[in-house]
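Take 4 as the starting number for the sequence shown in this note's numbering and just add one per residue.
Even glycine gets a Cβ: it sits at the ideal position worked out from N, Cα and C.
If you're wondering where the values come from, they're calculated on a predicted model, not measured in any experiment.
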Amino acid sequence: MSYELIKTPSLIKMSQEFAIGSKVRVVALPPYVKTAEPMPMLRPPDVIHIGEEGIVLDRRPGGYWGIRFTKGAFLLDSQYIESIDKPTESDSK
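As structure tokens, then:
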């Protein structure tokens, strides 16, 4: 029996990388959000809003990113955020 990895656009986007300290924007809301604390707690998704901007704090296990927003730091998967930092000319060379 053989298994093959099926790549879908959502799976590819989930592996997106962000630089620590870069700015990101919320593009979709998850069913709930986790706080970025040593013992994460679940919060309703309305603590953040679509279009809200935050700063990437760190990368967490399970593909989550710690992001600082105005109402606190939360853990989000990369499928819910996009980078808003523009690459500089030195980055593209």
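How many angstroms separate the CA atom of I53 from the CA atom of D61? For this step, residue 53 is matched to residue 50 along the sequence shown. For this step, residue 61 is matched to residue 58 along the sequence shown. About 21 Å.
Using only CA atoms, which one of L79, F21, V36, I70 lies nearest to D49? Walking along the sequence shown from the start, residue 49 turns up at place 46. Checked all of L79, F21, V36, I70; the closest Cα to D49 is V36.
Quick one, are the C-beta atoms of R63 and L78 less than 7 Å apart? Sequence index remark: in the sequence shown, residue 63 carries index 60 (1-based). Sequence index remark: in the sequence shown, residue 78 carries index 75 (1-based). For R63 and L78, yes; Cβs fall inside 7 Å.
Nearest to E55 by alpha carbon, out of F21, Q82, K89, V27? Within the sequence shown, numbered from 1, the residue matching residue 55 stands at position 52. Comparing alpha-carbon positions, the option among F21, Q82, K89, V27 lying closest to E55 turns out to be V27.
Between I51, I87, P41, which lies nearest to A31 when the distance is taken from Cα to Cα? As a working note, residue 31 is residue 28 in the sequence shown. Among I51, I87, P41, the Cα nearest to that of A31 is on I51.
Neighbourhood of K74 by C-beta, 6 Å cutoff - its chain only, sequence neighbours within 5 removed: Looking up residue 74 in the sequence shown gives position 71. So the qualifying residues of the chain are V50.
Excluding the 5 residues flanking Y67 on each side, which residues of the same chain have their C-beta closer than 8 Å to its C-beta? The residue given as residue 67 occupies position 64 in the sequence shown. If we look at Y67 and ignore the five residues flanking it on each side, its Cβ neighbours are K37, L78, L79, D80.
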